[in-house]
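Everything on this sheet refers to the single structure shown next.
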Amino acid sequence: MKTLYCSILCLTLSAFSFAQEGEVTINQDKNIDKLLNLYTESNKTSKYYTIQIHSSQSPSRANSEKSEAQGNFPDWFTEISFDQPNYKVRIGKFNTKFEAQQKLIEAHKKYPNAFLIADQREKK
Numbered sequence: 121m122k123t124l125y126c127s128i129l130c131l132t133l134s135a136f137s138f139a140q141e142g143e144v145t146i147n148q149d150k151n152i153d154k155l156l157n158l159y160t161e162s163n164k165t166s167k168y169y170t171i172q173i174h175s176s177q178s179p180s181r182a183n184s185e186k187s188e189a190q191g192n193f194p195d196w197f198t199e200i201s202f203d204q205p206n207y208k209v210r211i212g213k214f215n216t217k218f219e220a221q222q223k224l225i226e227a228h229k230k231y232p233n234a235f236l237i238a239d240q241r242e243k244k
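The working numbering applies: residue 121 is where the sequence shown begins, and numbers increase by one.
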């Protein structure tokens, strides 16, 4: 009987006990929000370098050049961009100019008229 009373007492006390409750208040300078907004705005785009190997008004010629470039440089990014009235075939996306210049030397072996372009892309 004594154990029954002790058990009931323990259950009753545990039902009324609460864990610690706390509240955190952060006081920060208003300039932090301004800096954060400025940082996110400046990082929406990033600079990169690419190599342009072909430019023409013919989409079929641009597609064949892209296919040839994918065969010659299978590990490199290849794309066709349309800048009216020309279709431009570009290969590679390089973060540094040094890396892009090294790859340009390699690309010149297949495409002697290739040249380097500094471009910007939107971060996703």
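We put the CB at the ideal spot given by N, CA and C, even for glycine.
Give every residue of the same chain whose Cβ lies closer than 6 Å to the Cβ of ARG210, excluding the five residues on either side of it in the sequence, and list them in chain order.
THR170, GLN172 and GLU199
If you drop the 5 nearest sequence neighbours on each side, which residues of the same chain put their C-beta closer than 8 Å to that of LYS223?
ILE171, TRP196, GLY212 and PHE214
Straight-line gap, SER166 to PHE202 (C-alpha atoms, nearest Å):
21 Å
Just to confirm the assignment, what range does the beta strand (DSSP E) spanning THR198 have?
198-203
Outcome for ALA189 when other beta-carbon atoms lying within 10 angstroms are tallied against a minimum of 16:
buried
Does DSSP put ASN192 in a helix, in a strand, or in coil?
helix
Could you spell out the range, first to last residue, of the alpha helix (DSSP H) harbouring THR160?
150-162
Three-way DSSP call (helix, strand, coil) for ILE128 in this model:
helix
Please tell me whether TYR207 and PRO232 are closer than 8 Å, where the distance is taken between their beta carbons.
no
Euclidean distance between Cα positions of THR80 and THR132
With the chain covering only 121 through 244, there is no way to say anything about residue 80.
Beta-bridge partners of ALA238, as assigned by DSSP:
TYR169
DSSP bridge partner residues for HIS174 (one or two, in chain order)
VAL209
Whole-Å CB distance - TYR159 paired with ASP239, under 8 Å assumed
Actually they do not touch by this definition, with Cβ atoms about 22 Å apart.
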